[in-house]
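Since the structure comes first, as C-alpha cells, the remarks are kept for the end.
Number of protein chains: 4
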Amino acid sequence: MKISYPLVVLNFKNYGEAIGSRCLKLAKIAEKVSLDTGVTVAVCPNFVDLEKIARSVAIPVLAQHCDPYEPGAFTGSVVAENLREAKVSGSLLNHSEKRLKLSAIAAAVARLKRVGLFSLVCADDVSSAAAASALNPDALAIEPPELIGTGVSVSTARPEVVTKTVASVRKLNKEVHILCGAGVSTPDDVKKAILLGTEGVLLSSAYVKSRDPETLLRKMCEFSLV
Amino acid sequence: MKISYPLVVLNFKNYGEAIGSRCLKLAKIAEKVSLDTGVTVAVCPNFVDLEKIARSVAIPVLAQHCDPYEPGAFTGSVVAENLREAKVSGSLLNHSEKRLKLSAIAAAVARLKRVGLFSLVCADDVSSAAAASALNPDALAIEPPELIGTGVSVSTARPEVVTKTVASVRKLNKEVHILCGAGVSTPDDVKKAILLGTEGVLLSSAYVKSRDPETLLRKMCEFSLV
Amino acid sequence: MKISYPLVVLNFKNYGEAIGSRCLKLAKIAEKVSLDTGVTVAVCPNFVDLEKIARSVAIPVLAQHCDPYEPGAFTGSVVAENLREAKVSGSLLNHSEKRLKLSAIAAAVARLKRVGLFSLVCADDVSSAAAASALNPDALAIEPPELIGTGVSVSTARPEVVTKTVASVRKLNKEVHILCGAGVSTPDDVKKAILLGTEGVLLSSAYVKSRDPETLLRKMCEFSLV
Amino acid sequence: MKISYPLVVLNFKNYGEAIGSRCLKLAKIAEKVSLDTGVTVAVCPNFVDLEKIARSVAIPVLAQHCDPYEPGAFTGSVVAENLREAKVSGSLLNHSEKRLKLSAIAAAVARLKRVGLFSLVCADDVSSAAAASALNPDALAIEPPELIGTGVSVSTARPEVVTKTVASVRKLNKEVHILCGAGVSTPDDVKKAILLGTEGVLLSSAYVKSRDPETLLRKMCEFSLV
Numbered sequence: 009m010k011i012s013y014p015l016v017v018l019n020f021k022n023y024g025e026a027i028g029s030r031c032l033k034l035a036k037i038a039e040k041v042s043l044d045t046g047v048t049v050a051v052c053p054n055f056v057d058l059e060k061i062a063r064s065v066a067i068p069v070l071a072q073h074c075d076p077y078e079p080g081a082f083t084g085s086v087v088a089e090n091l092r093e094a095k096v097s098g099s100l101l102n103h104s105e106k107r108l109k110l111s112a113i114a115a116a117v118a119r120l121k122r123v124g125l126f127s128l129v130c131a132d133d134v135s136s137a138a139a140a141s142a143l144n145p146d147a148l149a150i151e152p153p154e155l156i157g158t159g160v161s162v163s164t165a166r167p168e169v170v171t172k173t174v175a176s177v178r179k180l181n182k183e184v185h186i187l188c189g190a191g192v193s194t195p196d197d198v199k200k201a202i203l204l205g206t207e208g209v210l211l212s213s214a215y216v217k218s219r220d221p222e223t224l225l226r227k228m229c230e231f232s233l234v
Numbered sequence: 009m010k011i012s013y014p015l016v017v018l019n020f021k022n023y024g025e026a027i028g029s030r031c032l033k034l035a036k037i038a039e040k041v042s043l044d045t046g047v048t049v050a051v052c053p054n055f056v057d058l059e060k061i062a063r064s065v066a067i068p069v070l071a072q073h074c075d076p077y078e079p080g081a082f083t084g085s086v087v088a089e090n091l092r093e094a095k096v097s098g099s100l101l102n103h104s105e106k107r108l109k110l111s112a113i114a115a116a117v118a119r120l121k122r123v124g125l126f127s128l129v130c131a132d133d134v135s136s137a138a139a140a141s142a143l144n145p146d147a148l149a150i151e152p153p154e155l156i157g158t159g160v161s162v163s164t165a166r167p168e169v170v171t172k173t174v175a176s177v178r179k180l181n182k183e184v185h186i187l188c189g190a191g192v193s194t195p196d197d198v199k200k201a202i203l204l205g206t207e208g209v210l211l212s213s214a215y216v217k218s219r220d221p222e223t224l225l226r227k228m229c230e231f232s233l234v
Numbered sequence: 009m010k011i012s013y014p015l016v017v018l019n020f021k022n023y024g025e026a027i028g029s030r031c032l033k034l035a036k037i038a039e040k041v042s043l044d045t046g047v048t049v050a051v052c053p054n055f056v057d058l059e060k061i062a063r064s065v066a067i068p069v070l071a072q073h074c075d076p077y078e079p080g081a082f083t084g085s086v087v088a089e090n091l092r093e094a095k096v097s098g099s100l101l102n103h104s105e106k107r108l109k110l111s112a113i114a115a116a117v118a119r120l121k122r123v124g125l126f127s128l129v130c131a132d133d134v135s136s137a138a139a140a141s142a143l144n145p146d147a148l149a150i151e152p153p154e155l156i157g158t159g160v161s162v163s164t165a166r167p168e169v170v171t172k173t174v175a176s177v178r179k180l181n182k183e184v185h186i187l188c189g190a191g192v193s194t195p196d197d198v199k200k201a202i203l204l205g206t207e208g209v210l211l212s213s214a215y216v217k218s219r220d221p222e223t224l225l226r227k228m229c230e231f232s233l234v
Numbered sequence: 009m010k011i012s013y014p015l016v017v018l019n020f021k022n023y024g025e026a027i028g029s030r031c032l033k034l035a036k037i038a039e040k041v042s043l044d045t046g047v048t049v050a051v052c053p054n055f056v057d058l059e060k061i062a063r064s065v066a067i068p069v070l071a072q073h074c075d076p077y078e079p080g081a082f083t084g085s086v087v088a089e090n091l092r093e094a095k096v097s098g099s100l101l102n103h104s105e106k107r108l109k110l111s112a113i114a115a116a117v118a119r120l121k122r123v124g125l126f127s128l129v130c131a132d133d134v135s136s137a138a139a140a141s142a143l144n145p146d147a148l149a150i151e152p153p154e155l156i157g158t159g160v161s162v163s164t165a166r167p168e169v170v171t172k173t174v175a176s177v178r179k180l181n182k183e184v185h186i187l188c189g190a191g192v193s194t195p196d197d198v199k200k201a202i203l204l205g206t207e208g209v210l211l212s213s214a215y216v217k218s219r220d221p222e223t224l225l226r227k228m229c230e231f232s233l234v
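Residue numbers (this note's numbering), protein chains in the order written: chain A, 9 to 234; chain B, 9 to 234; chain C, 9 to 234; chain D, 9 to 234.
What follows is the structure, given as C-alpha cells:
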C-alpha cells in the first residue's frame, strides 16, 4: 500500500467509538475520502481489529505500536512479522501514550525496515525529534504532549515548535517526512501545518469522536493540498 | 465459550510457527482434539491473529495479555472491551514475559470480570501465587521462570513447588482454579500436574514447535483425565 | 532501630523542602518529637540524603524504594545490602509513585527479610492490599491514589475503604501491621485512622510543607495514642 | 570538579565489592591514581554511598542514573538537584542496565545542564549513539551490550563499531565527547580506544573486581596518554 504526501494519519487509539464494527466503519469512511480526494489517508486501529481492517480497506493501515523483537517467546507482543503477514503497512512508534526506550525505537525502526514496512516515530519536543530523525525512520510526528487531546493544534498554538523542529530535523536528516500531531482538530489546522513546512498530520479524537467524520476528513484532505 | 476442567491452555507466544496461517492451523488442530477428547483446550494467539482465530474455532480463545484500562486514549493497548467485541473468552495476565505491576493485575482482573470474561493470572513462586489468588481471578498458573522453555516440567523437576503452591493458595482462596505451567512438555507431565492437585496445564513451545502437535495434544488431553 | 506501634511514617519524597540540609532539619525535628512523645516516627529521605540521615538521627530511617536484586551488575539500583550497610532500617515498597511488578514486590520483601530489614508495602485498594498481605511484609499502607496529595484523608473521606481493607487483610494475615496513607493532613486524621483499626499513618506533604512541622507532628503523635 | 580528557569513568554498579566502606576505598584509590597521573578519573558509586563519596574525594563523582523530574512528589527518584546539593558532578544516563525512554533521556540531559551538571549518555549501537548525540549531552559512551561484563573490549573485538560510531556522531555533533565502554579490561584496551578516536573509557567490573585495582588503573591512565 503506497504512502504518499501530503499524508493524513488517523490514530483510532482505543476509543470505544473505534472498537469492533465501529472501527471498520471509521476505516471505511477514511478509505472513501482518500479515494475521492486523492490524498493518502492511513488508519491506525487497535491491535485486535488491525488484521480485519487491513483485509477490508484499500488504504494504508498502521499498527499503533510495534515491539523491537524478532518472532519468538515474547508473550503479549506485536512484532514486524505479525504486521507483514496481516498486510499491515507499518507502525507508529513512541506515541506519547506508548513511550519507548531509545534502544527499542532504534531496534523497532530497523526491524520494520528489514521486513519492508513503514515507520512513523512520534516525538514530543525539538530535541527528541532531532534524536529520532537520526534513527532514519520513514516519518516523524511532532506532538507536544501538553496539546494532545486538547483540541488546540500545535500548528496554531505553538507554530514556532513546528518550524524549529522542521529546521532542527532538516539539519540532521534531509529525507525523513515530518508530520504535525497533537491537537489537530480542524481543516484549518491541517492547512497551517502544511504551510509551516510539514507534509501531513497525525490526529485522533477530532476524527474518531466527530459527529460527521466524513465531512471533517474530506475538508482536511482538501485543505492539505495548499 | 464455556471453560471446564481439566483445562489445557496453549500459549502460542509470538513464535514464527504461530503467525498468520500457521496460527490458524495450530488453533484448528486444538479445536479438533478438544472436540474428540472432550477436554477443554484454550488457545492464546498473538494479538494480530486473535480476532481471526476467535471467529474460526469453537474452543475458548484467550488473549496473551490485557491492559487494565477502560476504552479510551490508550494508544497501543488491548482492553477487555476489545476482547469481548471479538468474542475472545478472556486473557492471560502477568505472564513471565509480560510481568505486570500488582495494581495493574488487580485492575485487569476486575475489568475482565466486569465485562464477563475469564482471567488466568500467571505467578512465578509460592508467595506470588498466594498474592495473586487474593485478587480473585478465575484461574492461576504456577510458572517458576527458571523452567519456562526448558522442556523440564515443574511437575517433574520441582513437584514440591506445585504442592506447596496449591496448599498456600487453598488457604486463601477455595475457588480459584490452579494450573501448572513452565516446562510442560509431555503427556506424562500433564498427568503428574493433575496428580499433584492442579486442574490443568499451560504450555507453549512443546505444542507450537512439535513435529506432530495433534498426537502430542491428544495424548496430553487423555492423560489429563487421570 | 526498633519499630513499634502506633507508627508515624514521614515520606519526604523528593520535595525541594527535603533535599540536603533541609532534609536533615526535617529528620531532626522528627527525632525530637519522637523522643518527646514516645511514639515511633520513621523518616523516608531521598536516596542521596539517606545515608547521612541514618547516621544523624536515632529514629528509624527507611528508603523510599528498594530493588529486588542481590548486589551485582545493577547500575542505578538500591538493594537491601546498601540499606543494611548504611544502618537504614528498611524500605517502603510499591508506593503509588513507584509502583512495582508483583514479582518485584515479592522478591524485595523476601530480600529485605533475609538481611533483617523492615518492609512497608503500599497498596491502593482493598484487593491489592489483600494480595500484598499474602507476601508477608512487616507492614502495609493503604493509599487510594485519588486522595494522595489532596489534603483529604482516606480515614475521613472514605472510612469504609479503611475498615474493609483491615477486614480483608485480617482474613488472610493476622500479623501484618496496617497503616493508613493518602491525604493524612491533620492530627484528627491520625486519630480517625487509629480508631478505624489501623496502627499508624504514612504521610508526606502535610509534614514536609508545613510551616510548623514540629507542632503538627507533635499533635499527630499525641492523637495517635487514642 | 573539572572534567578533562582523556577521561576514565569507573562505574561501581551495585557490586558487593563497592558497597559501604569498600566503596570509599575504591574511590580513594581512584583519587590517588588520578592525582598521581594527572588523568581525570571519575567514579560512579551506588546511590546510597554517593553523597559520602562526593564529600570524601577530590575527583569528579557521578551518579549512575538521574530521573528527568524537577524536585517534587517523586518517591524513589534521584533528580539533578539532589546531585548538585551533594556536590556530585553529574550523572550517567541510559546505561544498558538502566535503559530510559527517549523522552526521559532528553529531559534528564536538559535538567542536568540547567543546574550546571555533567551528562554522560550510554548508547548500544551506531544509530542510538547518533540519536543520543542530537540531545547534546556532554559526553557519550558506546557500549554494545553483548560485550558488557565479558572482559572483551569493544575496541578490540569490534573496532569498527567504535570508528563507525565516532564518524556517525561527528557528522551530527562536533562537540560531544565520546567514550568507549563495554568490556574495557586492560590498559591495552584503553590505548586502543584512544587510538580509535575516542577520548576515554567507561569500565566497571575490571576495576571493581580487580585484585590490584590501583596498579590496573595507574596503567590504564598512563596508556590513555598515547
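All C-beta atoms in this analysis are idealised placements derived from N, C-alpha and C, irrespective of residue type, glycine included.
Outcome for residue i when other beta-carbon atoms lying within 10 angstroms are tallied against a minimum of 16
i: LEU7 of chain A; result: Past the boundaries of the shown model lies residue 7 of chain A; chain A is included only from 9 to 234, so the question cannot be answered.
i: GLU168 of chain D; result: exposed
i: GLU151 of chain C; result: buried
i: LEU110 of chain D; result: buried
i: VAL123 of chain D; result: exposed
i: SER29 of chain D; result: exposed
i: GLY159 of chain A; result: exposed
i: LYS182 of chain B; result: exposed
i: ARG107 of chain B; result: buried
i: GLY84 of chain D; result: buried
i: LEU203 of chain A; result: exposed
i: LEU58 of chain B; result: buried
Nearest to residue i (by Cα), restricted to the options the options
i: GLY208 of chain A; options: A:LEU128, A:LYS40, A:LYS217, A:ASP57; result: A:LEU128
i: ALA118 of chain B; options: B:LYS200, B:HIS103, B:GLU78, B:ILE37; result: B:GLU78
i: PRO145 of chain D; options: D:VAL184, D:ALA115, D:VAL170; result: D:VAL184
i: GLY191 of chain A; options: A:TYR215, A:ASP44, A:LEU108; result: A:TYR215
i: VAL198 of chain D; options: D:ASP220, D:LEU233, D:PHE82, D:ARG166; result: D:LEU233
i: CYS74 of chain A; options: A:GLY46, A:LEU91, A:ASP44, A:MET228; result: A:LEU91
i: ARG166 of chain B; options: B:LEU148, B:SER141, B:LYS200, B:ALA137; result: B:LYS200
Chain-ordered chain C contacts of residue i [CB-CB under 7 Å]
i: HIS103 of chain D; result: THR83, GLY84
i: LEU143 of chain B; result: SER135, ALA139
Residues that residue i contacts on chain D, provided the C-beta gap is smaller than 7 Å
i: ILE113 of chain C; result: Residues of chain D passing the Cβ test: none, with the nearest at roughly 13 Å.
For residue j and residue i, the rounded distance between their alpha carbons
i: THR164 of chain D; j: LEU18 of chain D; result: 19 Å
i: GLY205 of chain D; j: ILE11 of chain D; result: 18 Å
i: ARG226 of chain B; j: SER218 of chain B; result: 13 Å
i: ALA139 of chain A; j: SER193 of chain B; result: 46 Å
i: LEU120 of chain D; j: LEU100 of chain D; result: 11 Å
i: LEU170 of chain A; j: CYS188 of chain A; result: Before going further, note that residue 170 of chain A is Val rather than Leu in the sequence given. If I take the Cα positions, the gap works out to 7 Å.
i: PHE126 of chain C; j: SER212 of chain B; result: 39 Å
i: SER176 of chain C; j: LEU180 of chain B; result: 11 Å
i: VAL86 of chain D; j: LEU224 of chain A; result: 46 Å
i: ALA235 of chain C; j: VAL16 of chain C; result: The shown model of chain C, from 9 to 234, leaves out residue 235 of chain C, and the question about it has no answer.
i: ILE27 of chain C; j: PRO53 of chain C; result: 8 Å
i: ASP44 of chain A; j: MET228 of chain A; result: 13 Å
Partner residues on chain C for residue i, Cβ-Cβ distance less than 8 Å
i: TYR23 of chain D; result: PRO79, GLY80, ALA81
Distance cut-off 6 Å: residue i Cβ against heavy atoms of the ligand COA
i: SER213 of chain C; result: In the structure shown, the ligand COA is absent, as is every other ligand, since no ligand is present at all.
Interface partners of residue i on chain A, CB under 8 Å
i: ARG166 of chain D; result: Ordered by position in chain A, no residue passes the 8 Å Cβ test against ARG166 of chain D, which lies about 17 Å from the chain.
Under 9 Å by beta carbon: chain E residues contacting residue i
i: GLU89 of chain D; result: Protein chains in the displayed structure are A, B, C and D, and chain E is not among them.
Would you call the stretch 67 to 75 of chain C and the stretch 91 to 106 of chain C in contact, with 3 or more CB pairs under 8 Å? Three or more Cβ pairs closer than 8 Å define a contact, and the stretch 67 to 75 of chain C meets that threshold against the stretch 91 to 106 of chain C.
Answer yes if the stretch 78 to 92 of chain B comes into contact with the stretch 24 to 42 of chain B, meaning at least three C-beta pairs across the two stretches below 8 Å, and no otherwise. no
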